[in-house]
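Accompanying notes for the structure given below.
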Amino acid sequence: MITLKNLTFGYADKLIFDQLSATLDSSWKMVLVGKNGRGKTTLMKLLSGELKGSGQIWSDQLFRYFPQKINDKTQLTQYILDELYEAKAWEIKREMTVLGLSETILWQPFDTLSGGEQTKVLLIGLFLNDAYFPLIDEPTNHLDIASRKQIANYLKQQKSGYIVTSHDRQFLEDVGDHLLAIERNDIQLLTTTYSGYEADKKRRDAFEWSQNSKLKSEISRLKKSAKAKADWSQDREKEKSGNPKAKGSGSVLDKGFIGARAARQMKKAKGLSQRMDKDIKEKAKLLKNIEKVDPLTMCYTPTHHHTVIDEADIQLNRFDRTFFNPINIQLNRGEVIAITGENGIGKSLLLTYMYQLAINKGLKVSYLSQIDDDNQGDLYAFSEKYQLDYTEFLNNLRKLGVERHVFQQNIEEMSLGQQKKVALAKSLSESATVYIWDEPLNYLDIDNQHQLVTLLKSIKPTMLVVEHDARFISEVADNIIILEPTKNQENK
């Protein structure tokens, strides 16, 4: 069992957890969800001991946090595994087989492995020792769809429990039997899948919104009534000590009567005020977990042509490598085409090719890359450089969850998540005929993902998109192109 009692932790400018208490069964496979900044990683680091808060944490197991910190990534993978885990060679090789890893990578430097291979290697030892409880933070980052499914299956088949967090909704659906939700004003522990939580959250939010106006009016009425009672009591006190020469103003003859009456009324008023305060707090609780998510805007300017891009037999080469089998792309107005394929097959390369092709055709294109180090300087100069409507640009940034005080920072000083949102807000605020997006969901929490899905379904832009989130693709894509490796690549 894992027990948290009165756990409190915060940073200089923000309280994250306040008197958190919970009891968790270590056999549960728990998915941890919540908006960015709510404390998912913080909770894991409090459990692992990397961060210290007040309160108490009891557990009959030690905690092991993923991803582990690797001091020297140039070491051979075998040596890194030896440092991280006390495991027998045959146990390591057994887990590698389950995860589809070749034993040859054990004798490669860790930093030469792909992102997916590194993730799988670090997962290998999490379940080899029952003395440890795994805390798995974002294992799906930079993984293709096939690898995400493979890791989900690996976690599902484990006999022991864990806590895992991810921004991939389908992954969360697949790997959990319990759910821990860090909401706006409390934490909920539920015996459900992610989709069950999502449906329940929608029902709760819908009910709370329907009660919103009524409750606010009732709270306002109670506050006014409490204030009126308090004002009456204060007026009686003034009468009691009023001008003794004026009749009825608190003279010596009136003080006894007024004092006794005022005392009785003040006692009643105080009791009523306390009851009202309690009532106000109880009613306010009903509104506490509504998440207000504002809709994004997009400056899509559709062309009058039905077919926007029509290109056949696309096959890309770099140096001596051919990346994928030939494909055809016909992109029509108002169509979203998703491009999928294993990591390293050339999806990003294809997008840059399609971007240049569209530019050469005279199309207005908004391109969102995975990483853009050229985004620098203050936001106003940035918006001027790209001819953005500054107000709309800032509005989209704010709706994506970037706090207003961050607007004063230079882009290069922001966190990677904030920089990603700057790039996304830029693309949304650019007037374009075609949008080309490379992994737009990186660093976005699930509420942000819902915002994008709602926007794309509503606007129906012309778009090419690469994304590893299977649920996002199923929700927004009209067509899917799967890049297949060439025979030479398969044999490598």
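With the working numbering, letter number 340 in the sequence shown gets 357, and the count goes up by one each step, no holes.
Using N, Cα and C, we set each Cβ at its ideal position, and we do this for glycine too.
Problem - Three-state class that DSSP yields for residue 488 in the structure shown - result: It is helical.
Handout entry: Status (buried if at least 16 other CB within 10 Å, exposed otherwise) for residue 400
Key = Counting other Cβ atoms within 10 Å of its Cβ, residue 400 reaches 16 or more and is therefore classed as buried.
Practice task
Look at the Cβ atom of residue 353, then the Cβ atom of residue 494, and state whether they are nearer than 8 Å.
Solution key: In this structure, the beta-carbon distance from residue 353 to residue 494 falls below 8 Å.
Problem - Distance between beta carbons of residue 122 and residue 94, contact taken as under 8 Å - result: With a Cβ gap of about 6 Å, residue 94 and residue 122 count as contacting.
Practice task
Check whether the region 485 to 503 touches the region 353 to 366, taking contact to mean three or more Cβ pairs, one atom from each stretch, closer than 8 Å.
Solution key: yes
Exercise for the section: Kindly indicate the opening and closing residues of the beta strand (DSSP E) around residue 23. Expected result: 19 to 28
Exercise for the section: Enumerate in chain order the residues of its own chain whose CB-to-CB distance from residue 32 is below 7 Å, with the five nearest sequence positions on each side excluded. Expected result: none
Problem - Distance between residue 248 and residue 268 (C-alpha atoms, nearest Å) - result: Any answer about residue 268 is weak, because its pLDDT of 49 lies below 50 and its placement is not dependable; what the coordinates show is given next. Roughly 21 Å between the two C-alpha positions.
Exercise for the section: Using the Cα positions of residue 241 and residue 228, report the straight-line distance between them to the nearest angstrom. Expected result: Approximately 20 Å between the Cα atoms of the pair.
Problem - Neighbourhood of residue 196 by C-beta distance below 6 Å, restricted to the same chain and skipping five residues each side - result: Around residue 196: 48, 207, 209 and 214.
Exercise for the section: Determine, using beta-carbon pairs with one atom in the region 321 to 330 and one in the region 344 to 351, whether at least three such pairs fall under 8 Å. Expected result: Look at the beta carbons and you see the region 321 to 330 touching the region 344 to 351: at least three pairs across the two are nearer than 8 Å.
Practice task
Taking residue 295 as the reference, give the member of 64, 425 and 239 with the closest Cα.
Solution key: 239
Practice task
Just list the alpha helix (DSSP H) runs in the region 376 to 427, keeping only unbroken ones of 4 residues or longer that don't cross its boundaries, in chain order.
Solution key: 396 to 402 and 407 to 416
Exercise for the section: Using three-state DSSP, classify residue 294 as helix, strand or coil. Expected result: Residue 294: helix per DSSP, three-state reduction.
Handout entry: Residues bridged to residue 202 [DSSP beta-bridge criterion]
Key = Answer by DSSP bridge pairing: none, since residue 202 is not bridged.
Practice task
Report, in whole angstroms, the separation of the C-beta atoms of residue 485 and residue 161, which I expect to be a contact under 8 Å.
Solution key: 5 Å
Exercise for the section: Taking residue 49 as part of the beta strand (DSSP E), name the residues at either end of that continuous run. Expected result: 46 to 50
Handout entry: Proximal residues to residue 343 (C-beta, below 7 Å), its chain only, five neighbours per side dropped
Key = 330, 331 and 332
Problem - Per-residue burial, residue 447 [other beta carbons within 10 Å of its own, 16 or more giving buried] - result: buried
Practice task
State the Cα-Cα distance for the pair residue 124 and residue 30, rounded to the nearest angstrom.
Solution key: 46 Å
Practice task
Consult DSSP for residue 174 and reduce its assignment to one of helix, strand or coil.
Solution key: coil
Exercise for the section: Check the DSSP bridge columns for residue 128 and list the partner residues they point to. Expected result: Looking at the DSSP assignment, residue 128 forms no beta bridge with any residue, so it has no partner.
Problem - Bridge partner(s) assigned by DSSP for residue 349 - result: 324
Exercise for the section: Pair every Cβ in the region 172 to 188 with every Cβ in the region 53 to 68, then say whether three or more of these pairs are closer than 8 Å. Expected result: yes
Practice task
Inspect the beta-carbon positions of residue 382 and residue 372 and report whether they are closer than 8 Å.
Solution key: yes
Handout entry: Between the CA atoms of residue 114 and residue 164 - distance to the nearest angstrom
Key = 14 Å
Practice task
Kindly list the residues whose CB is nearer than 6 Å to the CB of residue 345, restricted to its own chain and excluding five residues on each side of it in sequence; keep chain order.
Solution key: Answer for residue 345: 329, listed in chain order.
Handout entry: Three-state secondary structure (DSSP) of residue 85
Key = DSSP, reduced to helix, strand and coil, places residue 85 outside both helices and strands of the structure shown, so it counts as coil.
Exercise for the section: Select from 97, 120 and 368 the residue whose C-alpha is nearest the C-alpha of residue 107. Expected result: 120
Problem - Cα-Cα separation, residue 83 to residue 58 - result: For residue 83 and residue 58, the distance between alpha carbons rounds to 10 Å.
Handout entry: Proximal residues to residue 64 (C-beta, below 7 Å), its chain only, five neighbours per side dropped
Key = 74, 80 and 152
Handout entry: As assigned by DSSP and simplified to three states, the class of residue 184
Key = Of the three classes helix, strand and coil, the one that applies to residue 184 here is coil, per DSSP.
Practice task
Below 7 Å CB to CB, which residues in the same chain sit around residue 36 once its five sequence neighbours on both sides are set aside?
Solution key: Excluding positions up to five away in sequence, the list reads 23 and 25.
Handout entry: Cα-Cα separation between residue 66 and residue 327, rounded to whole angstroms
Key = 56 Å
Practice task
Please classify residue 220: does DSSP put it in a helix, a strand, or coil?
Solution key: helix
Handout entry: Extent of the continuous alpha helix (DSSP H) run through residue 113
Key = Unbroken alpha helix (DSSP H) run through residue 113: 106 to 115.
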